[in-house]
Structure formats: structure tokens, C-alpha cells
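Mapped onto the working numbering, the consecutive letters of the sequence shown carry residue numbers 11 to 370.
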Amino acid sequence: MTQVRKNLMTNVMCLVTNVLVGLLYTPYLVRELGVATYGVLPIALVINQYIIILTDSLQNSVTRFYSIEYRQNNFKKASIYFSSAIAITVLLAIAVVPLICFLLPQIEKFLHIPNNLSHSVGLLIVYTVTSLFIAVCSNCVNITIYSDNRLDLINYLKVIRNLTKLIINIALFYFFSVDVANVGLSAVLAEVLVLIISIIFYKTTKSKTIRCGIRYVSFMAMKPIAKMLTWVSLMSFSGVFIYKIDAILVNNYFGLYYTGILGSISEFGSYCISITGVIGVLYRPLMLIAYSEGRHEDLVRTVVDGSYIVGLVSSLLCGIIMGLSASILKIWLNEEISHYWLWLVIKMFIIPITTFGSTY
């Protein structure tokens, strides 16, 4: 079986698993926590989404530099970029942790959160930020896998992450307490497992010529990574701002109950983004390989084809969901939330715009 076919098959498997887990997970949380308490989750996710921009942009930036050197057999430079990426991750964590510690006591000034939930929300944010930085470490380790076009292994990790998070969350609710902070704790434990498996994959698949260690960390190598990181982050910021900022606005003006409704509806849009992302991610390693080998005509063709297909699929998918929005919300969540079907229509309307360039 060719690697492209393996990637496609595991992408489909990953897509089916993620959609099934997502369709079960959100109604479960709404039912167990209640709509108002669930409204805390979108707020925490908005805060973390901007950290995700930095971390994903870091991975994309490093992968580009690493792939070019690796494909040109400059293994020492590839090792330098690989080690420097992990060092940048540590520096980002050191920079963000004091900021989080400063903002947590002030959270009630920025957001409308009841006193009985303030402690749980603080823990939720700490857990989710922790899980994100563990995920960044996993992504950095997976750079070598990604550059070799081993998307099948990365897809296995995604399946493990989502299934583990769901199972641990249900176990924490059942054996301990139904607390919104446990949603974040389950994410931390799931990411720790994914990091361990990522290290195993790295050890078993990496080239013997690639090294990782402090002596390979170079601040000179960090400079081009930081420049590209800045531009990629700015490109990603607009899409997240358009899709996620409404949770903060709704919380400030209408309270947690409506934030919970909007957050649960937004999750359905996130699953649609995941579906189109499965298609788009197939093209990215091919682009990197073509770019690093100097095949610019193939690169242009791949970019155009990928953008066209992702844009077409996302538009068709969102159009169908917009037409069935009320029925979907009634079946998926409940009749009460289905009255806010227009919110889902608005969410679907902007997805093709933000995902059209997701293959770059």
C-alpha cells in the first residue's frame, strides 16, 4: 500500500472518529453540566485559541525550515531547527505562565462568571493551557514524522487524543464529581499519553542522522523561525477572531446561559472545519516536499488544487447544514437550543471564507 493511500485511509478513519466523538461529547457535556455551566467552556477555549495560533504557527514555521534542510541532506542544520523548536516551546511556556498567573485572580473583572464557578474556571484555564503546551511538545516531536509524509501515524495520535479525552472525562464525572474543571484535567491526561506515544513514534521512525539536544539549540536559527512565526500568526489570527470572539461578547452582554448556547452551536462548526481540514492536510506535506526539492510548478499546482477542493467541499457542506440547521440542533442537542438555529447559519456562513486558504 502506498503512503498516500495510507494517509487517505487514516485521514478518513480520523475524521469518522473525531466526528462521532464530537457529536457525542458536546451533548454529554451540555446534559451533565447544564447550559449555563457549559457556557464557561467556550470562554476558556477562546483564551486558549490564541495560544493555539502561536503553537500551530510555530510548528508550521519549523516544519518548513526543517523539511528544506532534511530533503537537501543538511542533517546538522535540520537537527538545529528541530532542537531550536523545542527550545522556543519552552521559552513560550516560560513567557505565558506568569501572564496566566497574573490574570487568573482578575478573571471576574474581565468575564461574567458566578462566584460558585470562579475556582473551577481558574482550574479549567490552568489545565487547558497546560494541555496546550504539552500538545506543542508533541507537535514538535512529530515534525520528523510530518516531514516524512507519515500522516498515518499523526492521525493515529489524533484518534488516541480524542478517544482518551472522552473516556477520561466520563470517568472523572462518574467516579469523582461533575465539575467543569475536570474537562480540562481530562485534556491534560490525554495530552500526556499522546506525548509518550509521540516520543515512541519519534524513536522508531526518525532518521539516525537527526539529533536532538541542548548543544544543537541555536539562537541564530530561532530568528528566521520567529519572523515566519509572526507572519503565520497574523494570518491565522483573523480567522480565529471572526469565529471565536463572539463568545466573549455574548458573555459580557448576555451572560453564561447564552454563552453556553452559542458555544455548543459553535462546536458543530468546529467539526465542519475538521472535516475540511482532513482534506487540506493531505496537501501540506506534498507542498513542503515539492518546495524543498525546488519543484515550483508542482508546488503551484498542488496549492491551487488543494485550495479549490477545500473551498468547494466546505461551501457544499456548510450550505447543506445551513438549510437543515433547525433540525440538526433539535436532534443533536435539544428543542430549546434549536430555536437559535440562526446562530448556526451565521457560523456556517463564515467557515468557507476562513478555511479556503487552510491548505497553505
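Every residue gets a Cβ at the ideal spot worked out from N, C-alpha and C, and that includes glycine.
Predicted model only: the values in this text are computed from it and were never measured.
Residue i versus residue j: straight-line alpha-carbon distance, rounded
{"i": "L327", "j": "S130", "result": "36 Å"}
{"i": "E201", "j": "L25", "result": "19 Å"}
{"i": "A231", "j": "A95", "result": "9 Å"}
{"i": "I255", "j": "T219", "result": "45 Å"}
{"i": "T154", "j": "L109", "result": "31 Å"}
{"i": "Y318", "j": "S284", "result": "17 Å"}
{"i": "S280", "j": "L33", "result": "11 Å"}
{"i": "I123", "j": "F264", "result": "12 Å"}
{"i": "S71", "j": "F185", "result": "42 Å"}
{"i": "M297", "j": "T312", "result": "7 Å"}
{"i": "G223", "j": "M238", "result": "23 Å"}
{"i": "L205", "j": "K168", "result": "11 Å"}
{"i": "L173", "j": "V260", "result": "30 Å"}
{"i": "L30", "j": "F229", "result": "43 Å"}
{"i": "V211", "j": "N83", "result": "The question names Val, but residue 211 is Phe in the sequence shown. Answer to the nearest angstrom: the Cα atoms are 22 Å apart."}
{"i": "I361", "j": "R225", "result": "44 Å"}
{"i": "S93", "j": "K233", "result": "14 Å"}
{"i": "Y38", "j": "Y268", "result": "18 Å"}
{"i": "C147", "j": "T99", "result": "7 Å"}
{"i": "K213", "j": "F85", "result": "16 Å"}
{"i": "E307", "j": "A257", "result": "42 Å"}
{"i": "G44", "j": "K357", "result": "22 Å"}
{"i": "L113", "j": "V136", "result": "11 Å"}
{"i": "I180", "j": "C111", "result": "29 Å"}
{"i": "K16", "j": "A300", "result": "20 Å"}
{"i": "L176", "j": "Y35", "result": "7 Å"}
{"i": "T215", "j": "L18", "result": "20 Å"}
{"i": "L51", "j": "S187", "result": "17 Å"}
{"i": "N21", "j": "T12", "result": "14 Å"}
{"i": "F383", "j": "W351", "result": "What is shown of the chain runs 11 to 370, which leaves residue 383 out entirely."}
{"i": "V107", "j": "Y156", "result": "28 Å"}
{"i": "N28", "j": "D162", "result": "15 Å"}
{"i": "F278", "j": "M23", "result": "19 Å"}
{"i": "N344", "j": "V355", "result": "17 Å"}
{"i": "S141", "j": "L199", "result": "8 Å"}
{"i": "L127", "j": "I178", "result": "22 Å"}
Host alpha helix (DSSP H) of residue i (start-end)
{"i": "F186", "result": "Looking at the DSSP string, F186 is not in any alpha helix (DSSP H), and its letter there is neither H nor E."}
{"i": "V323", "result": "H306 to G333"}
{"i": "G194", "result": "A191 to T215"}
{"i": "E2", "result": "The structure shown does not extend to residue 2, since the chain is modelled only from 11 through 370, so no value can be given for it."}
{"i": "I258", "result": "D256 to F264"}
Proximal residues to residue i (C-beta, below 7 Å), its chain only, five neighbours per side dropped
{"i": "W353", "result": "L272 and I275"}
{"i": "I289", "result": "I319, V320 and V323"}
{"i": "F183", "result": "E42 and N192"}
Nearest-angstrom beta carbon gap, residue j and residue i [assumed within contact, 8 Å]
{"i": "L203", "j": "I164", "result": "Not really, about 15 Å apart at Cβ, beyond 8 Å."}
{"i": "G333", "j": "Y48", "result": "Incorrect: roughly 26 Å between the Cβ atoms, too far for contact."}
{"i": "C428", "j": "I330", "result": "Here the chain has residues from 11 to 370 only, and residue 428 is not among them."}
{"i": "R81", "j": "E303", "result": "6 Å"}
{"i": "N152", "j": "S208", "result": "6 Å"}
{"i": "L266", "j": "V190", "result": "About 11 Å separates the two Cβ atoms, so there is no contact after all."}
Residue i, DSSP secondary structure in three states
{"i": "H129", "result": "helix"}
{"i": "R160", "result": "coil"}
{"i": "S276", "result": "helix"}
{"i": "N83", "result": "coil"}
{"i": "V50", "result": "helix"}
{"i": "G223", "result": "coil"}
{"i": "E42", "result": "helix"}
{"i": "T154", "result": "helix"}
{"i": "T36", "result": "helix"}
{"i": "S148", "result": "helix"}
{"i": "I338", "result": "helix"}
{"i": "I228", "result": "Strictly speaking, residue 228 in this sequence is Ser, with Ile absent from that position. Note: S228 maps to coil in three-state DSSP."}
{"i": "T12", "result": "coil"}
{"i": "I123", "result": "coil"}
Contact set for residue i: own chain, Cβ-Cβ below 8 Å, skip 5 residues either direction
{"i": "Y91", "result": "V72, F75, Y76, E79, A231 and I235"}
{"i": "Y293", "result": "T312, V313, D315, G316 and T369"}
Chain-order list of residues whose beta-carbon lies under 6 Å from that of residue i (same chain, five-residue window excluded)
{"i": "S348", "result": "A336, L339 and K340"}
{"i": "A97", "result": "V227"}
{"i": "E346", "result": "none"}
{"i": "F143", "result": "A103"}
{"i": "I145", "result": "It is worth fixing the name first, because residue 145 is Ala in this sequence and not Ile. So the qualifying residues of the chain are E201."}
{"i": "A46", "result": "L266, Y267 and G270"}
{"i": "Y166", "result": "none"}
Any non-hydrogen atom of the ligand GTP closer than 6 Å to residue i Cβ
{"i": "T138", "result": "The ligand GTP is absent from the structure shown, which contains no ligands of any kind."}
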